[in-house]
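Protein sequences, first through last, are from chains Z and W. Those letters in the first sequence? Residues 13 to 359, by the numbering used here. Those letters in the second sequence? Residues 33 to 328, by the numbering used here. We put the CB at the ideal spot given by N, CA and C, even for glycine. These numbers were taken from a predicted model, which means no experiment stands behind them. Heads up: the structure comes next, in structure tokens.
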Amino acid sequence: MANVTLNQIRKVYGNGFEAVKPCSFRIEDGEFLVLVGPSGCGKSTLLRMIAGLEDITEGELSIGDRLVNTVDPANRDIAMVFQNYALYPHMTVRKNIGYGLKNRKTPPAEIARKVDEAAAMLNLGAYLDRKPSQLSGGQRQRVAMGRAIVRDPALFLFDEPLSNLDAKLRNQMRIEIKALQRRLGVTSIYVTHDQVEAMTMADRIVVLNGGVIEQIGTPSEIYHSPNSTFVASFMGAPPMNLVKAQLDEGTVRLDCGTAVMAAPAGRSGPVTLGIRPEDVRIGSGAARFDIALIEELGAHRLLHGQVAGQPFTVHVAKETQVSHGPQPIELPPAAMALFDTATGARL
Amino acid sequence: MADLTQTAPARTTRSPIRWASVLDHAILIAGAALMIVPLLMMLQMSTIPDAQVMQHGPSLQIGGEFWDNLRKALFQSMSFSGETTGLTMFRNSLILGLGFAIGKIVVAMLAAYGIVYFRLRFATLAFWLIFTTLLLPLEVRIVPSYEITQKLGLLNSWTGLIVPLIASATATFFFRQYFMSVPEELVEAARIDGAGPVRFFIDILVPLSRTMIAAMFIIMFVYGWNQYLWPLMVSTQEDKVTLVQGIKQITQSLEGNHIPEYGRSNVLALLAVLPPVLVVLFFQRWFVKGLTESDK
Ligand SMILES: Nc1ncnc2c1ncn2[C@@H]1O[C@H](COP(=O)(O)OP(=O)(O)OP(=O)(O)O)[C@@H](O)[C@H]1O
Ligand SMILES: [Mg+2]
């Protein structure tokens, strides 16, 4: 087990494309870190650099106290779980799990013991003599997990391991992976573009966008105080409402003129106002919410419509009675965040 | 209405004769019959006395000479000199067939492995150079090939018979295409699992390619088994005569005043046909799999 330190890590591909701009962070021993971001933002690139599958263009990467920039993936003491499982199709589950140990000259008796142990942990006991093609997607993913844990590595790397599974299985595996990681206490880096996975699994989240780190923080920090409009709109389903507003004389006004909150004086001009759908109070207040669509989700409802001519969503409990058309809403100042409209950065 | 929709599909499936299918089968059966005629003639001629072939030409009569001819074909030395029997020729053909098949597969797999998996500077260029040799079959380059073999002092040796023809553009091409279709993640998983280049090749790539290997084995074995021109040029020693050459030599003795040994040469011809057929039958299942599907 180990901590991982990235110091100004940068990646430029052969074609000159800068996939990861210099970025630094540190992952503590035993921590579960999730890298999240939209498709193409460089998550896999970053993970693959940590794995050693991709050269690091610039910067320093340490696992434990060891600088590993030029260390071969086999010697970094890591294990990786791939999106498409990457099981060896001609080997049985037993051989798949034991292959890494075999290559490291582990005595056969010890391999057998460790494979059985891992299989028991993952409920794979009954499938040890099957080929991957005779397993379901979830079982294959478990074998891939088994292959990772059997080696007892210092670091687990996951690249969207659940994205090939159906929604139900994904939820189940998500919990299993998290529980397993807790139990083993192995430092883990988990790549996903699914913000629900990120929120539920992570000890800390790194939000990437276009090769740049937008924010690093605990799920709660990321959710409740996003650093930028990007993080605000990427995390959360539905995302944070972002409405254009005017800041003048210490007051924030919606474009329709309604004053919604007091703001620090000394600044004026256009700003973006952000508020989570569940923080909006409906039924009274100064602002007007024009409901166009009511989405029934069982436990709660989502109301979609417009505020000051801009798209807006409100989350209400299932008991709340609502109807289409204009409704008064209140935007509690404590729940609001202000962003610079031009840069998207939090004010 | 209900009646119509129900009977329409039933009519097509229940129809007793589908004429298109009958026609297909007729063509296939006719083709197969045509192909099998020479084989049956060989079989027939190997059962009757040689003189009868001379007197009556082709006939339908089955005689009792087969075992005698088989014995002669296998164990009697060839008329023009000492030791070479049918069995020796059979062995020689086998050496050539297996040598070609195994040698070509090994060389082609290693070449394709290098081209696909290693960052070689001119890998693509090298591949296309290999590929263009498809335009230069043995017959075109036989004189320079012979000259090189001769200068290396490899005439009349198994090395000289096999090695100069062992590079195969076809096999390299097929293996290259196959390796390129192996998912990148598999390679990376093996790297993290600590498999070096040699381990990866032996533990992952070779077992994965087994259907492709079987397909190549059939093609290359038959190619080697049927070689005629090259052995004829490179080897002048009788102990390296192959079946294909041997048959020719027996029928050539027609020029003397004795009757050519039709029975014996037809048995040899049957022997020459047998191994390729067996190889195809044995590897057929993988052959089709190798060329059509991939189990990755
Ligand atoms: N070998 C390469 N050469 C050049 N550019 C590449 C290469 N691999 C990836 N890229 C580019 O780098 C960027 C980041 O790719 P990366 O695979 O890290 O994205 P990602 O965040 O993992 O996306 P996804 O969620 O779709 O997997 C992309 O814009 C991609 O086009
Ligand atoms: Mg990716």
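Beta-carbon contacts of Val299 (chain W) that lie in its chain and below 7 Å, excluding the five residues immediately before and after:
Ser78, Asn101, Leu102 and Ala105
Which residues in chain Z have a C-beta closer than 8 Å to the C-beta of Pro229 (chain W)? List them in chain order.
Residues of chain Z passing the Cβ test: none, with the nearest at roughly 12 Å.
Measure the C-alpha to C-alpha separation of Lys23 (chain Z) and Thr230 (chain Z) and round it to an integer number of angstroms.
26 Å
So what does DSSP say about Glu307 (chain Z), is it helix, strand or coil?
strand
Can you give the beta carbon distance from Asn124 (chain W) to Val311 (chain W), rounded, assuming they're within the 8 Å contact cut?
Between Val311 (chain W) and Asn124 (chain W) the Cβ distance is about 17 Å, and since that is not below 8 Å, they are no contact.
By the criterion of Cβ-Cβ separation under 9 Å, what are the contact partners of Glu220 (chain W) in chain Z?
Arg60, Ala63, Leu65, Pro85, Met92, Phe94 and Ala98
Our contact map puts Val255 (chain Z) next to Gln339 (chain Z) with C-beta atoms below 8 Å; I'd like the distance itself, whole angstroms only.
With 8 Å as the limit, Val255 (chain Z) and Gln339 (chain Z) do not qualify as a contact, their Cβ atoms being about 16 Å apart.
When we look at the beta-carbon of His57 (chain W) and count the other beta-carbons within 10 Å, is it buried (16 or more) or exposed?
exposed
Using a Cβ-Cβ cut-off of less than 8 Å, give me the residues of the segment 298 to 317 of chain W that come near chain Z, in sequence order.
none
Classify Asp82 (chain W) as helix, strand or coil using the three-state DSSP reduction.
helix
Does any residue of chain Z bring its CB to less than 9 Å from the CB of Pro263 (chain W)?
no
Contacts that His102 (chain Z) makes with chain W (C-beta to C-beta distance below 7 Å):
Pro239 and Leu240
I'd like to know whether the C-beta of Tyr25 (chain Z) is nearer than 9 Å to at least one C-beta of chain W.
no
Which of the three DSSP states, helix, strand or coil, is assigned to Arg43 (chain W)?
Residue placement at Arg43 (chain W) cannot be trusted, given a pLDDT of 48 that sits under 50; what the coordinates show is reported in the next sentence. If DSSP states are grouped into helix, strand and coil, Arg43 (chain W) belongs with the helices.
Assuming Leu169 (chain Z) and Ile201 (chain Z) are in contact, meaning their beta carbons sit under 8 Å apart, how far apart are those beta carbons, in whole angstroms?
5 Å
Counting only the same chain and skipping the five closest in sequence on each side, list residues whose C-beta sits under 8 Å from that of Gly54 (chain Z).
Lys23, Ala31, Val32, Leu220, Gly222 and Gly223
Taking the straight line between their C-alpha atoms, what separation do you get for Arg279 (chain Z) and Thr353 (chain Z)?
13 Å
Three-state secondary structure assigned by DSSP to Gly192 (chain W):
helix
Just to confirm the assignment, what range does the alpha helix (DSSP H) spanning Arg159 (chain Z) have?
Gly149 to Ile161
Whole-Å CB distance - Asp267 (chain Z) paired with Ala275 (chain Z), under 8 Å assumed
That belief does not hold up - the Cβ atoms of Asp267 (chain Z) and Ala275 (chain Z) are roughly 16 Å apart, past 8 Å.
Buried versus exposed call for Glu66 (chain Z) [16 or more other C-beta atoms within 10 Å across all chains shown]
buried
Below 7 Å on C-beta distance, what does Tyr111 (chain Z) contact in chain W?
Asp225
What residue range is occupied by the uninterrupted alpha helix (DSSP H) comprising Val54 (chain W)?
Trp51 to Met77
Exposed or buried, which one is Leu71 (chain W) when buried takes at least 16 other CB atoms within 10 Å?
exposed
Measure the Cβ-Cβ separation of Asn436 (chain Z) and Gln207 (chain Z) and say whether it is below 9 Å.
Lying before the first or after the last residue shown, residue 436 (chain Z) is absent from chain Z, which here runs from 13 to 359.
Per the DSSP calculation, Phe168 (chain Z) is bridged to which residue(s)?
Z:Ala91 and Z:Ser200
Straight-line gap, Gln259 (chain W) to Val276 (chain W) (C-alpha atoms, nearest Å):
8 Å
Rounding to the nearest angstrom, what Cα-Cα distance links Pro345 (chain Z) and Ser232 (chain Z) in this structure?
19 Å
With distances taken Cα to Cα, identify the nearest neighbour of Asn108 (chain Z) among W:Met248, W:Gly278, W:Ala221 and W:Pro263.
W:Ala221
Is the closest heavy atom of ligand 1 to the C-beta of Asn135 (chain Z) under 8 Å?
no
Please tell me whether, using a cut-off of 8 Å, the distance from the CB of Lys55 (chain Z) to the nearest non-hydrogen atom of ligand 2 is below it.
yes
Considering only heavy atoms of ligand 1, does any lie closer than 8 Å to the CB of Asn27 (chain Z)?
yes
List the residues of chain Z whose Cβ lies closer than 7 Å to the Cβ of Ile137 (chain W), in chain order.
Within 7 Å Cβ-Cβ: nothing; Ile137 (chain W) doesn't reach chain Z, min ~18 Å.
Under the criterion of a Cβ to heavy atom distance below 8 Å, does Glu209 (chain Z) qualify as lining ligand 4?
Judged by which ligands are present, ligand 4 is missing from the structure shown, whose ligands are ligand 1 and ligand 2.
Is Asp206 (chain Z) near ligand 2, judged by its Cβ being under 8 Å from some heavy atom?
no
In the structure shown, what three-state DSSP assignment does Phe150 (chain W) receive?
coil
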